[in-house]
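The next block holds one structure in the form of C-alpha cells; read it before the comments.
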Amino acid sequence: MKHAVVLGLIAAPLLAGCGHLPWGADRPTVQAPMPGQLEPLHAAAFGKDVAVFWVTSNGCTDKADLKPIVSRQGGEAVITLRRLEEDRCDRPLADGVEVKWSFEELGLIPGDRISVNNPLQLPQT
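Using the numbering used here, read the sequence shown as starting at 5 and increasing by one per residue.
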C-alpha cells in the first residue's frame with residue numbers, strides 16, 4: 005500500500021503538467037492529402053445558392069464520382085473539385101457533363117467570395 009501512495013505522490017505532479025503542455029504548438033500544421041485526382045474543369049459558375057461545374061465525361065460521370073473540397077483562405081471559400089472514380093465508358097461528351105452542389109451541401113452561405121482551385125480543360129479541336 006505504501007508503494008501506491010509513493011507512486012501517486014510522484015505521478016501527480018507529472019500528470020498535472022500534462023494539461024498545460026501546448027500540444028502541437030511547436031509542430032507545423034500538415035494538411036492531409038486530398039482524395040482522388042484534381043479534376044480539370046470545362047467551366048464553373050456560382051448562383052445565389054448553387055455551384056455548377058462542367059467536367060469531362062466519357063459518358064458515365066455523375067455527381068457521386070466527384071468530391072468538392074472547401075477550404076477557407078483569406079476570407080474566401082476555395083473549392084477544389086476532386087475525381088474519386090474514373091469514367092471508363094466509351095461515349096465521350098464533347099461539352100462534358102454538368103454537376104451541381106447547393107451552397108448548403110458545400111457549407112457555404114450566399115454572399116461568400118468563392119474561387120476554384122482547378123485547372124481549366126480547353127476544348128478539344
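Just so you know, even glycine gets a beta-carbon here, dropped at the ideal spot from N, CA and C.
Query, Result
"From residue 69 to residue 78, what distance separates their C-alpha atoms?", "29 Å"
"Roughly how many angstroms lie between the CA atoms of residue 26 and residue 114, to the nearest whole one?", "For residue 26, the pLDDT reaches just 39, beneath the cut-off of 50, and the residue's location in the model is therefore unreliable, although a value from the coordinates is still provided. Going by the C-alpha atoms only, they are around 37 Å apart."
"Might you give, ordered along the chain, the residues of its own chain that have their beta carbon closer than 7 Å to the beta carbon of residue 111, omitting 5 neighbours on each side?", "74"
"DSSP three-state call for residue 114: helix, strand or coil?", "coil"
"Pick from 86, 93, 116: whose alpha carbon is nearest that of residue 103?", "86"
"Given a cut-off of 8 Å, decide if residue 122 and residue 82 are closer than it, judged by their beta-carbon atoms.", "no"
"Identify whether residue 102 lies in helix, strand or coil by the three-state DSSP scheme.", "strand"
"Given a cut-off of 8 Å, decide if residue 65 and residue 44 are closer than it, judged by their beta-carbon atoms.", "no"
"Using the DSSP secondary-structure output, state which residues sit across from residue 71 in a beta bridge.", "86"
"Taking its Cβ as the centre, do 16 or more other Cβ atoms sit within 10 Å of residue 53, making it buried, or is it exposed?", "exposed"
"Using beta-carbon positions only, say whether residue 62 and residue 96 come within less than 8 Å of one another.", "yes"
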